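Peer 1: According to our numbering, the residues represented by the sequence shown are 149 to 519, in order.
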Amino acid sequence: MNILITGARAPVAIEWARIALRSGHRVWLADSLKWPLGRFLQGIEGYLRLPSPRQDLAGYQQQLQGYLDQHAIGLLIPTCEEIFYLSQAFAAYIGPTEWLMPERQLLFELHHKYQSLSLLTGLGEVRIPATRMLTSCSQIDDDPQTILKPVYSRFGRQVIRTPKPGALNERQLNEHIPWVQQQKIDGVALCNYAVFEHGRLIAHQAYQPKYCFNQAAGSYFVPHQDRRLDDFVHQFGEKTGFHGQVAFDFIEQDGVIFVIECNPRATSGLHLLGAQMSIAADGQLQYQPAPPKAGHVGVIILLFFAWQAWRDKQLATLWRDFRQAPNLLNDHRWPISAGAQWYALLEMGYRSLRYRRPLTDASTFDIEWDG
149 MNILITGARA
159 PVAIEWARIA
169 LRSGHRVWLA
179 DSLKWPLGRF
189 LQGIEGYLRL
199 PSPRQDLAGY
209 QQQLQGYLDQ
219 HAIGLLIPTC
229 EEIFYLSQAF
239 AAYIGPTEWL
249 MPERQLLFEL
259 HHKYQSLSLL
269 TGLGEVRIPA
279 TRMLTSCSQI
289 DDDPQTILKP
299 VYSRFGRQVI
309 RTPKPGALNE
319 RQLNEHIPWV
329 QQQKIDGVAL
339 CNYAVFEHGR
349 LIAHQAYQPK
359 YCFNQAAGSY
369 FVPHQDRRLD
379 DFVHQFGEKT
389 GFHGQVAFDF
399 IEQDGVIFVI
409 ECNPRATSGL
419 HLLGAQMSIA
429 ADGQLQYQPA
439 PPKAGHVGVI
449 ILLFFAWQAW
459 RDKQLATLWR
469 DFRQAPNLLN
479 DHRWPISAGA
489 QWYALLEMGY
499 RSLRYRRPLT
509 DASTFDIEWD
519 G
């Protein structure tokens with residue numbers, strides 16, 4: 149089968165590509181960047197560049213349709229926030245390609261940090277934090293036991309951890325740019341990742357993230373087992389009939405697990421499952437369970453967290469964690485070409501300077517969907 153994986157900038161796209169290659173398929177990777185990391189993955193048929201879907205949706209749809217036809221793509225696997233634009237492209241698509249993504253309304257509800265919670269209420273023993281949607285600055289409560297965040301956000305950006313009147317202005321928070329004020333939950337951060345085929349759970353892994361960017365996106369993953377999370381995910385699939393990839397963020401406080409938000413797309417949890425996953429000749433996803441092991445995303449955790457670890461007198465712990473766990477991005481059979489990470493980082497640095505954005509913003513602003 150010919151498989152197209154979008155979001156080539158993301159390490160999870162490389163993971164999916166290796167799953168497909170190991171399963172005997174022909175693989176293309178696509179993105180709107182010039183030098184995304186996935187472009188340099190050895191073993192793929194090629195890299196297909198697309199326009200930015202956020203800046204040129206019509207051009208994106210047209211180019212994508214051309215690639216699907218030209219390469220007789222049988223399965224399309226999204227990985228990043230381009231999935232929200234792909235859902236619009238899918239509505240106009242005519243052809244045989246299978247798309248690994250949920251139906252549009254469910255996708256957008258799960259991306260919304262207020263609407264998603266109503267879908268997650270009552271699943272197993274997992275609880276929902278008290279949450280209000282705000283459409284005016286006057287609705288903000290002066291409550292230190294809550295946090296503020298936009299209904300559309302990622303990587304922990306823009307979270308205000310000590311809300312008070314005046315924290316936002318009417319340009320930042322209004323009817324068109326709503327936020328949520330949510331009960332502050334302190335405890336152990338947990339995440340999970342799952343893949344479904346029309347409500348049937350294919351694979352699931354919970355994990356504890358460490359060395360987190362913006363106190364949100366992890367770079368080191370420790371497998372975590374909890375029956376309550378297994379029950380939550382099974383019931384989510386049964387309730388929604390979900391098709392595709394989904395992830396949730398949780399916090400365990402005093403023995404109680406709260407679900408904080410949902411990411412209806414690929415996340416780093418795939419790295420803990422990738423070695424046991426395969427794609428059958430007809431495109432069906434398969435998973436052979438095996439005990440998961442901790443892992444990290446490479447030397448980047450030293451580059452980004454060494455200073456903080458030194459300041460907190462945890463440098464030895466960081467080094468031990470780095471040495472003890474494998475780099476989940478390494479694969480001797482389908483390696484990434486030498487120097488690829490520097491090309492990708494150079495492009496991110498250029499975008500950061502040109503558009504005057506932090507590196508985390510520069511890495512995704514052209515594919516983000518904020519309503």
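Note that beta-carbon positions come from the ideal geometry of N, C-alpha and C, so glycine has one too.
These figures come from a predicted structure and were not determined experimentally.
Report the partner residues of residue 548 according to the DSSP bridge assignment.
Peer 2: Residue coverage of the chain in this structure runs from 149 to 519, which leaves residue 548 outside it and unanswerable.
Peer 1: Report back the beta-carbon spacing between residue 372 and residue 383 to the nearest angstrom; my notes put them in contact at under 8 Å.
Peer 2: About 19 Å separates the two Cβ atoms, so there is no contact after all.
Peer 1: Excluding the 5 residues preceding and the 5 following residue 437 in the sequence, name in chain order all residues of the same chain whose CB lies nearer than 7 Å to its CB.
Peer 2: Once the five neighbours on either side are set aside, the close Cβ partners of residue 437 are 424.
Peer 1: By how many angstroms is the C-alpha of residue 235 removed from the C-alpha of residue 252?
Peer 2: The alpha-carbon atoms of residue 252 and residue 235 are separated by roughly 6 Å.
Peer 1: Which full runs of the beta strand (DSSP E) of 3+ residues lie inside the stretch 429-501, going along the chain?
Peer 2: Qualifying beta strand (DSSP E) stretches, in chain order: 433-435.
Peer 1: Buried or exposed: where does residue 490 fall if 16 or more other Cβ atoms within 10 Å of its Cβ makes it buried?
Peer 2: That one is exposed.
Peer 1: Residue 257 to residue 240, Cα distance in whole Å?
Peer 2: Near 20 Å, if we compare the C-alpha coordinates of residue 240 and residue 257.
Peer 1: Could you pull out every unbroken alpha helix (DSSP H) segment of at least 4 residues lying fully inside the stretch 345-414, listed in chain order?
Peer 2: Listed in chain order, they are 375-388.
Peer 1: Whole beta strand (DSSP E) runs in the stretch 286-334 with 3 or more residues, listed along the chain?
Peer 2: List check, beta strand (DSSP E) in window: 294-298 and 327-331.
Peer 1: Please name the residue or residues paired with residue 179 in a DSSP beta bridge.
Peer 2: DSSP lists 197 as partners of residue 179.
Peer 1: Can the beta-carbon of residue 313 be found less than 9 Å from the beta-carbon of residue 295?
Peer 2: No, Cβ-Cβ distance for residue 313 and residue 295 is not below 9 Å.
Peer 1: Given a cut-off of 9 Å on the beta-carbon distance, is the pair residue 406 and residue 274 in contact?
Peer 2: Yes, these two residues count as a Cβ contact at 9 Å.
Peer 1: To the nearest angstrom, how far is it from the Cα of residue 421 to the Cα of residue 517?
Peer 2: About 27 Å.
Peer 1: Measure the alpha-carbon distance for residue 428 versus residue 171 and round it to whole angstroms.
Peer 2: Residue 428 and residue 171: Cα-Cα distance of roughly 7 Å.
Peer 1: From the DSSP output, which residues share a beta bridge with residue 174?
Peer 2: DSSP lists 150 as partners of residue 174.
Peer 1: Quick one: using the 10 Å Cβ neighbour count with 16 as the cut-off for buried, is residue 485 buried or exposed?
Peer 2: Residue 485 should be labelled exposed.
Peer 1: For the alpha helix (DSSP H) containing residue 189, name the first residue and the last one.
Peer 2: Premise fails: residue 189 is in no alpha helix (DSSP H) and is neither H nor E.
Peer 1: Would a C-beta distance cut-off of 9 Å place residue 479 and residue 449 closer than the cut-off?
Peer 2: No; because the gap between Cβ atoms is not below 9 Å, this pair is not in contact.
Peer 1: Does the stretch 279-293 come into contact with the stretch 335-343, if we say contact requires no fewer than three beta-carbon pairs (one atom in each stretch) closer than 8 Å?
Peer 2: No: the two stretches stay apart, fewer than three of their Cβ pairs being nearer than 8 Å.
Peer 1: What distance in whole Å lies between the Cβ atoms of residue 333 and residue 292, which are believed to be in contact at a cut-off of 8 Å?
Peer 2: 14 Å between Cβ atoms; not a contact.
Peer 1: Quick check: the stretch 509-516 against the stretch 224-235, are there 3 or more CB pairs under 8 Å?
Peer 2: With the cut-off at 8 Å, the stretch 509-516 and the stretch 224-235 touch.
Peer 1: DSSP three-state call for residue 503: helix, strand or coil?
Peer 2: Residue 503: helix per DSSP, three-state reduction.
Peer 1: DSSP state of residue 266, grouped into three classes?
Peer 2: It is helical.
Peer 1: Please report the straight-line C-alpha distance between residue 150 and residue 219, rounded to a whole angstrom.
Peer 2: About 7 Å.
Peer 1: By the three-class DSSP mapping on this structure, what secondary structure does residue 336 have?
Peer 2: Strand at residue 336.
Peer 1: By the three-class DSSP mapping on this structure, what secondary structure does residue 426 have?
Peer 2: Residue 426 falls in the strand class under three-state DSSP.
Peer 1: Would you kindly report the start and end of the unbroken beta strand (DSSP E) that includes residue 280?
Peer 2: Per DSSP, residue 280 belongs to the beta strand (DSSP E) from 279-282.
Peer 1: Once the 5 residues before and after residue 266 are set aside, which same chain residues still bring their CB inside 7 Å of it?
Peer 2: Excluding residues within five positions, none has a Cβ falling inside 7 Å.
Peer 1: Where does residue 341 fall in DSSP's three states?
Peer 2: Reduced to three states, the DSSP call for residue 341 is strand.
Peer 1: Measuring alpha carbon to alpha carbon, tell me which residue in 394, 498, 347 and 472 is nearest residue 416.
Peer 2: Out of 394, 498, 347 and 472, 394 has the C-alpha closest to the C-alpha of residue 416.
Peer 1: Give the DSSP bridge partners of residue 247, in chain order.
Peer 2: 224.
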